[in-house]
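Last residue of the sequence shown: number 237 in our numbering, and the count goes up by one each step with no gaps.
Note that the Cβ used here is the ideal one computed from N, Cα and C, for glycine as well.
None of the values given here were measured: they were computed from a predicted structure.
Remarks on the structure that follows.
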Amino acid sequence: MSIQIKEKIVGYDIVKPEAKARPPAPKSGGAEPAGGNIARMHEKVERPEMLVGNTYKIKTPVSEHAFYITINDMLLNPGTPYEKRRPFEMFINSKNMDHYQWISALTLIVSAVFRKGGDVTFLVKELQSVFDPKGGYFRKGGRYMPSLVAEIGYVIEAHLKMIGLIAAPVLDKHQRKLIDQKRRKFEQQQALKADPADGEGDGFPEGAELCGKCHTKAMIIMDNCLTCLNCGESKCS
Numbered sequence: 001m002s003i004q005i006k007e008k009i010v011g012y013d014i015v016k017p018e019a020k021a022r023p024p025a026p027k028s029g030g031a032e033p034a035g036g037n038i039a040r041m042h043e044k045v046e047r048p049e050m051l052v053g054n055t056y057k058i059k060t061p062v063s064e065h066a067f068y069i070t071i072n073d074m075l076l077n078p079g080t081p082y083e084k085r086r087p088f089e090m091f092i093n094s095k096n097m098d099h100y101q102w103i104s105a106l107t108l109i110v111s112a113v114f115r116k117g118g119d120v121t122f123l124v125k126e127l128q129s130v131f132d133p134k135g136g137y138f139r140k141g142g143r144y145m146p147s148l149v150a151e152i153g154y155v156i157e158a159h160l161k162m163i164g165l166i167a168a169p170v171l172d173k174h175q176r177k178l179i180d181q182k183r184r185k186f187e188q189q190q191a192l193k194a195d196p197a198d199g200e201g202d203g204f205p206e207g208a209e210l211c212g213k214c215h216t217k218a219m220i221i222m223d224n225c226l227t228c229l230n231c232g233e234s235k236c237s
């Protein structure tokens, strides 16, 4: 089949075989095309010699020593429009040996789920729903943790948000403006009372109540309505 060229040729380029095999760049907001040489996470993916990752420190009142949670990620399709960072394995280290058995089991199971691929975000809710029969605790910032396992779930959630696997909730401009206004008004009222701060450094007013939505001690009464200064939850909305 012949092709007729009606315009003047101003340049040319040689198309290499590997360029033909490379999938086309994705359109904005579009889905990945079916097929192609796009690598995805699955249990048969071999571990490379080096992985990128992050280590998170959690210090709880239920343990004398801190826990260090390391989540390593695999970089899929590097250097292409389909480059993605996906969790591959998790490790938890601590000087506290009281929880060694179940922590070792938890890291093995979570790592296996990571390597399985697919939607691994369900782990977050499953771990966050674990409650300690002895009672939970408040971590720095006033957020309630029902158990140590639940806090590990919040660490995994923060990591998945960081690599883009979970979309972080964003307050709209109206909610953010309303929260800022109520916070300034409340701080002015507290300043007139001249009450000393509690010194916890959580950034929320003294005497704030626990929010049932974000589990942070940031609920205050403004205009006869309980409003959370952290997530915007309101009893009057």
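A distance below 6 Å between beta-carbons, with the five flanking residues on each side excluded, links Arg139 to the following residues of its chain, in chain order: Met145.
Judged by DSSP secondary structure, Ile109 falls within the alpha helix (DSSP H) whose first and last residues are Tyr100 to Lys116. Using a Cβ distance threshold of 8 Å, Leu127 and Val113 do not count as a contacting pair.
Distance from the Cα of Gly207 is smallest, within the candidate group Leu226, Lys213 and Cys214, for Leu226. For Ser104, the closest alpha carbon among the candidates Gly118, Glu89 and Pro169 is that of Glu89. Residue pairing by DSSP places Val52 opposite Asp73 in a beta bridge. Annotation: the continuous alpha helix (DSSP H) that includes Ile152 extends over Leu148 to Met162.
Counting only the Cα atoms, Leu108 lies some 10 Å from Trp102.
In this chain, the alpha helix (DSSP H) harbouring Lys125 covers Phe122 to Gln128.
Taking one beta carbon from each stretch, the region 129-138 and the region 52-59 have fewer than 3 pairs nearer than 8 Å; the two do not touch. DSSP lists Leu210 as the bridge partner or partners of Lys217. Cβ-Cβ distances below 6 Å link Tyr82 to Ile38 in the same chain, with the five nearest sequence neighbours on each side left out; the list follows chain order. Cβ-Cβ distances below 7 Å link Ile152 to Ile69 and Leu127 in the same chain, with the five nearest sequence neighbours on each side left out; the list follows chain order. In the structure shown, the three-state DSSP call for Leu226 is strand. Glu7 sits exposed, since fewer than 16 C-beta atoms from the chains shown fall within 10 Å of its C-beta. Out of Lys95, Lys44, Ile163 and Glu64, the CA that lies nearest to the CA of Asn72 is found in Ile163. If you compare the alpha carbons of His215, Val124, Val62 and Leu229 with that of Phe204, the shortest gap goes to Leu229. A Cβ-Cβ separation of about 7 Å places Pro87 in contact with Val120 under the 8 Å criterion. Beta-bridge analysis with DSSP links Phe67 to Ile58 and Ser94. The distance from the Cβ of Gly141 to that of Thr216 is about 7 Å, consistent with a contact at the 8 Å cut-off.
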